[in-house]
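Taking it in order: structure first as structure tokens, then the write-up.
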Amino acid sequence: MPAIQCLAVENSISRKKTGSQQLLVFLLAVDNLGFDKQVDVSWAGPDGEWHFLPAKYLGPRGERQEYWQARLVLNGKSGRELAGNVSFALRLRCQAGEFWDNNGGWNFQSKQGSGVTLARGLRLQNLRIKPRLEDGQQYVQIRVAVDPDMRAEAVVLHWTDDNWRHTIQTQCHRNKRLKQRGAQVWTARLKAEDVFALQYSICCQTGPVELWDNNGGRNYKVSRDPLKVMILNLHCYQEDKQDYKFSQIAKAISEQAVDIVCLQEVAEHWNDGRGDWESNAAHIINQRLKPPLHLYTDWSHLGFDKYREGVAILSRYPLHLTHSRYVSDSHDAYSIHSRKVVMAQVHVPYMGAINVFSAHLSWWEDGFQQQFQRLSEWAGSLQDEAVKATLLCGDFNIAAGSIGYQQVVNGNQYEDQYLAANHQGLFEKIFRVNDVHWGGLLADDYRIDYIFMNKASELQVASARVLFTDWDYGQVSDHVGYLMTFEPK
């Protein structure tokens, strides 16, 4: 099987008062040979002049391929004459090399006005590959191509909006008004007004015979954006090039479209204990976001003899029920063993209410056990049917596998979400914090920053990655950050 192949090509002509218009659409299957790849279609009309048309990634195809699409509209506004009949070939460039599919040297052909043509041997194909549901989108349009030799009697969508707990069947309708040659085109519309995601597969029925397109066993999925949560210990104004690093953090939040940020070692000038809001690290980062997020922060104790040191939550969505409290035995503002946690409830569209806690707890020998117990009891007291998930986020000063970590996970209430997302890659490279307290710890996993989510949550982690390394935004602290995404179960 070639590394790149054409699944379907559409060559249609429409005539309007302003003139004729030609639409060329190429649906491609591309082997997943790496992240950094370029895909394009080389095409020419009757004049023999060749052009490269870039393709865009659409989504996964089965387990090892991807859908890509190249699209071109030709009319008076485009500045090009109609292409008419088209010759074309496909090109994939990636680290593994350059790959072509040019029909064995003869190039592929598409006749003007031929409509949708399926690749040889392909009898059923979803044409509308669009993984994302836009904000406010109420319906999903499905478009299916069927080989006319199938003599299809019905095309049925089997779909769900609750992860297959219930299944719905919807009949597609054939567009008989199309007089073009080529594949039959069947369409349907699915309601998506109040849902986070839809999954579906396509069944073509001809008598007792059923032919399925279920995306190679994965089914097709269209969903809202997942909830993105980032955690980071800011290192309390101890970094060189501190202002630049604040800008890098803001840049990452913006570029990664983070929804909720939990920060620790958030510092501002001590100022005789009165603080100085303009120097507050979370405030500075937030002011560099366009637009700024909602922010809630509080301080625990004097840090490095010159700062009010605390924790913060930033959120794209309004913060409700904000509260802070000490979870440590000590409430002394001059003791580093005084540890305060902030919490807020966030109402996330299509997910519901989520309770978020930003914490920076002490080491095991300095009171972690009691502090986490108080935090857990506090979080539990706020849990009810309206709360879809509870996230305990931040720097817990416990290494994975340590006695403190076992206290958390063996309590059978909370799960380590980075581990849940990367359970198949436990022996991959782990990023170690540059914290002298943990420098001599012999373990495979040096994380002390976590997102713990309650097991009764109605959410599940979809991905987890490390941020602020030499490979992305650079080091901004003595800790790395973590970015995790969540979606409904």
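All residue numbers for the sequence shown refer to the working numbering, where the first residue is 583 and numbers rise by one.
Note that the Cβ used here is the ideal one computed from N, Cα and C, for glycine as well.
Since the model is a prediction, treat every value here as computed from it, not as a measurement.
DSSP, reduced to helix, strand and coil, places Q830 within a helical segment of the structure shown. Taken atom to atom, the span from the alpha-carbon of S940 to that of A590 is near 50 Å. Residue pairing from DSSP places N937 in a beta bridge opposite Q927, T972. Membership of H883 in the beta strand (DSSP E) is indicated by the continuous run 876-885.
Under the three-state reduction of DSSP, D629 is assigned to coil, being neither helix nor strand. Within the same chain, P713, R714, L715, F778, A779, L780, E1069 come within 8 Å of S805 by CB-CB distance, once the 5 residues on both sides are set aside. Taking a cut-off of 8 Å on C-beta distances, the region 832-848 touches the region 931-949, as three or more cross pairs fall below it. Comparing alpha-carbon positions, the option among T749, L739, A774 lying closest to W768 turns out to be L739.
Comparing C-alpha distances from D613 to each of D854, E680, W960 shows the shortest one belongs to E680. Setting aside the 5 residues that flank it on each side, K810 is surrounded in the same chain by Q838, A839, V840, D841, L1065, T1067, each with a C-beta closer than 7 Å to its C-beta; the list follows chain order. When the beta-carbon positions are compared, A774 and V843 stay at least 9 Å from each other.
Contact between D622 and P636 is confirmed by a C-beta separation of about 5 Å, below the 8 Å threshold. Taking F670 as the centre and dropping the five residues before and after it, the same chain places the C-beta of V623, W625, F690 closer than 6 Å to its C-beta, in chain order.
For I750, no alpha helix (DSSP H) segment is defined; the enclosing uninterrupted segment is the beta strand (DSSP E) at 750-753. Three or more Cβ pairs drawn from the region 947-956 and the region 974-987 lie within less than 8 Å of each other, which places the two stretches in contact.
The Cβ-Cβ distance between G616 and V668 does not fall below 9 Å.
Under a 10 Å Cβ-count criterion, W881 is classified as buried, with 16 or more other Cβ atoms of the shown protein chains found around its own Cβ.
Taking every protein chain shown into account, the CB of N797 has 16 or more other CB atoms within 10 angstroms, so this residue is buried.
With distances taken between CA atoms, W1053 lies nearest to V1062 out of V1062, P790, N657.
Contact between the region 822-829 and the region 893-912 is absent, with fewer than three C-beta pairs closer than 8 Å. The Cβ atoms of N853 and R890 lie closer than 9 Å to each other.
Contact annotation, A926 with S897: C-beta distance approximately 7 Å; criterion of less than 8 Å satisfied. Each of R763, N801, I711 was checked against the Cα of N745, and the nearest Cα belongs to N801. Of L871, P873, Y878, Q587, the smallest CA-CA separation from W859 is found for Y878. One thing to note: D998 has its Cβ within 9 Å of the Cβ of F1034. Of G695, T752, A971, the smallest CA-CA separation from M933 is found for A971. Within the region 704-789, the complete beta strand (DSSP E) runs of at least 3 residues fall at 706-708, 721-728, 736-742, 750-753, 766-773, 779-788. Assigned with DSSP and collapsed to three states, N994 falls in coil, not helix or strand. Taken atom to atom, the span from the alpha-carbon of D977 to that of C786 is near 53 Å. In the structure shown, R956 falls within a helical segment according to DSSP collapsed to helix, strand and coil.
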